[in-house]
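Let me begin by presenting the structure, written as structure tokens, before commenting on it.
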Amino acid sequence: MHLRIDPTRLTTPHEAAGDGNYDAVIVGSGVSGAMIAEQLCKEGKRVLMLEAGPITSKSLRGYNDYVTNYFVSPGKDSQAPFPENPNAPMPRTPLLRKLQPGQVDSNTYMVQTGPYVTDTVYSRTLGGTTMHWQAKTPRMVPEDFKTRTLYDQGLDWPISYDDLEPDYQRAEREMGVSGDVTALRYPGGSPYPKDYVYPMKGMPPSYLDQMVNDGIEGTSVELDGQTIPLQVRPFPQARNGIPNEAYDGGKGYTPIGAVNTHQVDFGERCQGNTNCVPICPVQAKYWSGKTLAKVLRMNDEPDKGEIKILPQAVASKVEINPENGHVAGIQVKVYKNPDSPEHETITVRGKIYVITTAAIETARLLLASGLPSTSGLVGRNYIDHAYLFSWGLTPKICGAYRGTDCISGILDLRNGPFRKHQAAFSVDINNNGWSVATSSPYTDVTALVDDGNLFGSQLRRGLVDRVSRQLLFAFMIDVPANESNRVTVDPQYTDALGNMRPNLSFTTPEYSMRGAAYARQFAKTVFSRMGVIDYTQYSPSNFGYVVYEGEGYEIHGGCHLGGTHIMGTNKNNSVVDANQRSWDHANLYLAGGGSMPSIGTANITLTIAALCYRSTRAMLKQLSFETTTGATIHKTTGYHHGFSRHCDT
Amino acid sequence: MNKTEFYAKLSTPANDPASLALAAIQGDGEAGTYLRGVYDQFLAFSVEVTAFSRFDLEGTGQGEAYFATVIQVVGYEILEQLLDTFTSIINQTGGESTLVRNDLLRRRLFGNERLGPIARNIVKLWFTGNWYQLPRNWSEKFGPAPKDVTFTVSANAYVEGLLWTTIGAHPAGAKAQGYGSWANPPRIPEFGSDAVVR
Amino acid sequence: MDSHDIATLESLEEHLFSAMVLEHATLPAYLTALYSIKPGTNQDASNILRVVAVEEMLHMTIAANLLNAIGGTVNLTQTGFVPSYPTYLPDSIDDFQIHIEAFTPSALETFLKIERPVYLGTVQQRVVKRRIPNHVWCLSPNKDGTTQYTTIGEFYNAIKESFIRLEAEAQAKGSTIFTGDPAFQITSEYYYSGGGKLFPVTNLDSAVQAIDLVIEQGEGYVDEDKPTGVFDQYGEIAHFYRFEQLRLGRYYVRGDKPGFPTGPAIEIDWDAVYLTVVDPKLADYPEGSELYQAALNFNIAYAQFLALLTEAYNGKRELMMRAAVPAMFDFRNLMNRLIRNPAPQQHGRHAAATFEIDATNAILGTAKA
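Chains as they are written, first to last, in my numbering: chain D, 6 to 654; chain W, 5 to 202; chain U, 111 to 479.
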């Protein structure tokens, strides 16, 4: 498959503004944008896709430039591949600092209004945050959809796990998930249909995973009167492994490798580059370009729709028709050069509008457009996972820094009656050592050379001892929706194009801190079972430092953005309905994590993708109703000039 | 090109330091011989302080780039002083045990106020591909060195960091070891006490 | 039946083993050229070389599947499996040899000759009588070695026809030539990424399909209706045209006529290459040096790899993924390390892996008969 964004698929500001015949205007090219475009084009619809950032990754050279940017960045932060772009900036972590009470930090793109500071990030470029996501794809558990009812925490969804289950399967196919269902069938886990298998077989657990499992299998912990047996289980993940011949009733599955190139095949299997975040160098990991490649190919098929892409186009205002509340158009600032604020402003129009720019940007755009919604909930209920790390040295060499970033974890505490009192969590066993917590292994080299005064063979021995034994548990802790955690805008904070920047006000609730405190205890318990030397240290000067019941913790953001335009049962308790359609604006869909009233202990992308299928069914229904009112589909000629390979089937 | 010319060319931002260094050490005549000698010393010192063989060091393809980096940031004189000190320690300890040699290296080189931080930075260059900004008190006393900021020498220098070889892993994002290889224990290369034994 | 046809099952087995030898023989040349390119430069050339090398591995595995399908024995550890370089190909006696050398214009010309399509060959018949010197390794349809195939495509066509004829003969007697153990077939599940799907060869249809894949990926798709053949019906471009893009400095896109690519430009920086000793031998490196030891170690590792592949092709399919694939990734590092080291007394040339496998086996005392 080839992501063939040739000149005929790109549009110009002039052409986009003058074309009144789009079925859908989609803002964003990430997972939701691409999947919704794919479903609409499949049914013959015409789509305009706006991408705020550059479309560098459309070519292999551009994609490789991103990889090189990461290599030459000595800090190697999670946005290092993506160059600064003042016209469509993104949050970056290196500049964060701790806030004193009442302080506001506007040094980085996302204004931190406190009291807590988050290092959560998202990417504004072709592919959105799928460029740098870790690609773990656990499903939510059924209880996550009704935490208010069951545990008196957070908010319920208007739909259930069972409602979403078939769409989970569709998303798992589209993203090409590798996973072992048998390892995921356990009490409290997500129920899979009988005989279900993932498109590809599970990734082999790392040597470190096996070592952790050897230490804990057969042991258990007591929590809230419940005995919870422990075991290491591999996560399902959207990266290419070994296709499962039993998939799809024995039809099997063909992996999709790198797409932004032709004549070059790679990425059809993960090679273990241990660099899922911030960028997979071979594209074995799913990114939305893979879905966009399918959409682009539809342009050549007579019964399919078409897509036009307008890059470097920042949606700046949603315009509303005051008579019926419908969206009348989206004002877009289109810039030629990321280094210059020079831009032209156009308005694009379609029958429906789909904003897919992730929870923070979507809320920002609506609020900047003066659209807080009837419920007043736009921007409120911001959710992200709270991450807590615990790290130490294993008694024997565990072979850190190999494999994918994370293959397995401890999932048994994702669910249970204890959720009435404290937040559930999922535990990642990181294969990339302590890097997320301490910037290892670089800090280990400098410590051993500068402070340890080691060189030569002593240094080599020291490095093996210090780096090859690194174990880190990343606890992903549930944070229930809370109206006071919110995104706002403020005219005094704008970007280079004059768009208002997002302001984030955030506190980790006590419920989640109780989970964090237990997580820390849990880590100590497991460490003691394994004989791991605990090296965990939380620094009071860290921006994420929180004191809870006399103990200090560093809480990090999870980049799992939810809740700013939650779905619900009516226009007073929510922003969108169960199809992610705006209650107030009938032709507006807000697709993405922002619609999720809870995120449980699952990485959110799979659920976001599943919701896309649900939403596109509603969109198609709406469009077919409107098409009968007279509009005809006018398709421009395809561009028969490219490559496809046998893996296209 | 003699060493003064080499140094001058290195200071011109448009020139690629690694290629310049390569041209310099491959040069003809007295200057070429001289620079080749210095570069040989640089590699000999690097072998001593990394415990990787000259074959392994040259196998990274980064020798010239690191040689040029040191000269670019702190200047020729200080590198020559460091290498001369190293050579005199080696001459003085010929036939003695590693222990004795290491003691002298500590006292006269790593413990030298002027040379120590440079020696440590050369070690870090080989292991990480990064030049690390020198301690402030060094700059105050022996500076200024305007190019002395933390930077990665090149994308490939990152990829060739010996840190990864040392631990039987690979740099994040490059030199992957293949699907499923991670399920096996790491293959950590053996090394002797003062030279690499493969 | 012509005298050069492959008339017996035994002869077909020999030809299939020769096919494995042939497919493998290009690998040291392609890999050395690939890794001689300085990192970060010549991305287009690197990608093309990498894809071709990966597909040669695939072709070797397809040949193994074909050989296993008819109950033959795959043994890559046998003497002569890896030729001594420089070496000839079946169609190259008169004009070229394959060298282990860096990526240079002349290496590229050799690669183009290796992959040249049937219709670009100089001779129009399938086999040609030539005097083949005794010391020269060469594929030949008859044991006395006086005739050879004019192109690799013709060699595979002869194999294909033999499959069809021998199976028809067997069917007429109520039997089949496909008597091999299906559990020896390497399928995509056991193989690595790139270069197409690996399917089991269990009958005539799958055998013909497998042979066609090898021909099309190598030389391009040629039939009378579509004489262009830059792309096959799946949109895949043949090795010859992949390499020709480098010579012509431009990518082919669909619809292009051979020789006239109209896609994006390709630039080659011939200076961004480590020039290596041509057809290096261990004897070129100072005995006892780290370089010598590293080159020897590479040969040992490679000999072990061939032994491992032999096991994988003989029923232990899981070894393919568990051991053979990581070994290929390892060779990248080992070859790179050699290539970045200057070889003393070799006029400024750099070292490279020597692939003297028979000699290594002799040293190790593990040579097989």
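Glycine included, every Cβ here is placed at the ideal spot set by N, Cα and C.
By the 10 Å Cβ neighbour count, where 16 or more other Cβ atoms means buried, how is residue i classified, buried or exposed?
i        : result
D/Val30  : buried
D/Trp138 : buried
D/Lys290 : buried
U/Thr232 : Confidence in U/Thr232 is poor, its pLDDT being 45 and thus under 50, which makes the residue's placement too unreliable to answer from.
D/Thr621 : buried
W/Gly33  : exposed
D/Asn90  : buried
Residue i to residue j, Cα distance in whole Å?
i        : j        : result
U/Ser316 : U/Arg275 : 15 Å
D/Gly58  : D/Gln231 : 49 Å
D/Asp11  : D/Ser62  : 13 Å
W/Met5   : W/Leu129 : 26 Å
D/Trp292 : W/Ile94  : 55 Å
D/Asn245 : D/Arg274 : 5 Å
W/Arg58  : U/Ala472 : 29 Å
D/Gly557 : D/Pro545 : 7 Å
U/Phe439 : U/Ile147 : 17 Å
D/Ser165 : D/Gly355 : 32 Å
D/Asn458 : W/Thr132 : 17 Å
U/Gly150 : D/Phe630 : 54 Å
D/Thr13  : D/Tyr594 : 27 Å
W/Tyr38  : U/Tyr361 : 46 Å
D/Leu625 : D/Lys309 : 14 Å
U/Phe127 : U/Val324 : 15 Å
U/Ile378 : D/Gly67  : 18 Å
Report the three-state DSSP secondary structure of residue i (helix, strand or coil).
i        : result
W/Val163 : helix
D/Gly557 : strand
D/Gly294 : helix
U/Gln188 : strand
D/Cys411 : strand
D/Tyr358 : strand
U/Tyr145 : helix
D/Arg244 : strand
D/Trp396 : strand
W/Phe56  : coil
Would you kindly report the start and end of the unbroken beta strand (DSSP E) that includes residue i?
i        : result
D/Leu509 : 505-511
D/Ile314 : 311-315
D/Cys46  : No beta strand (DSSP E) contains D/Cys46, which is instead part of the alpha helix (DSSP H) from 36-47.
W/Phe10  : Note, W/Phe10: premise wrong, no beta strand (DSSP E); alpha helix (DSSP H) at 7-14.
D/Ile159 : Note on identity: in this sequence residue 159 of chain D is Gly, with Ile being the wrong assignment. Looking at the DSSP string, D/Gly159 is not in any beta strand (DSSP E), and its letter there is neither H nor E.
If you follow the alpha helix (DSSP H) that residue i is in, where does it begin and where does it stop?
i        : result
U/Asp440 : 435-449
U/Glu400 : 400-423
D/Pro209 : From DSSP, D/Pro209 is part of no alpha helix (DSSP H); its letter is neither H nor E.
U/Arg275 : 262-282
W/Phe195 : Here W/Phe195 belongs to no alpha helix (DSSP H), and DSSP marks it neither H nor E.
So, at 7 Å on beta carbons, what are the nonlocal neighbours of residue i in its own chain, with the 5 sequence-adjacent residues on each side left out?
i        : result
W/Thr97  : Val104, Arg105, Leu108
D/Lys81  : Tyr75
U/Pro91  : Because chain U in this structure spans residues 111 to 479, residue 91 of chain U falls outside the shown range and cannot be described.
W/Val201 : With a pLDDT of only 32 at W/Val201, under 50, the local geometry of the prediction cannot be trusted, and no value is derived from it.
W/Met26  : Correcting the residue identity first, residue 26 of chain W is Leu in this sequence and not Met. Same-chain partners within the cutoff: Glu68.
D/Lys256 : none
Between residue i and the rest of its own chain, which residues show a CB-CB distance below 8 Å, the 5 nearest in sequence each way excluded?
i        : result
W/Asn125 : Val74, Trp135, Tyr136, Leu138
U/Ala434 : Phe415, Leu418, Leu419, Ala422
D/Val116 : Val109, Asp110, Asp495, Tyr498, Arg506, Pro507, Asn508, Leu509
W/Leu47  : Arg58, Leu61, Glu62, Gly67
Skipping 5 residues on each side, what residues in its chain have a beta carbon closer than 6 Å to that of residue i?
i        : result
D/Met656 : Here chain D comprises residues numbered 6 to 654, so residue 656 of chain D is not present and cannot be evaluated.
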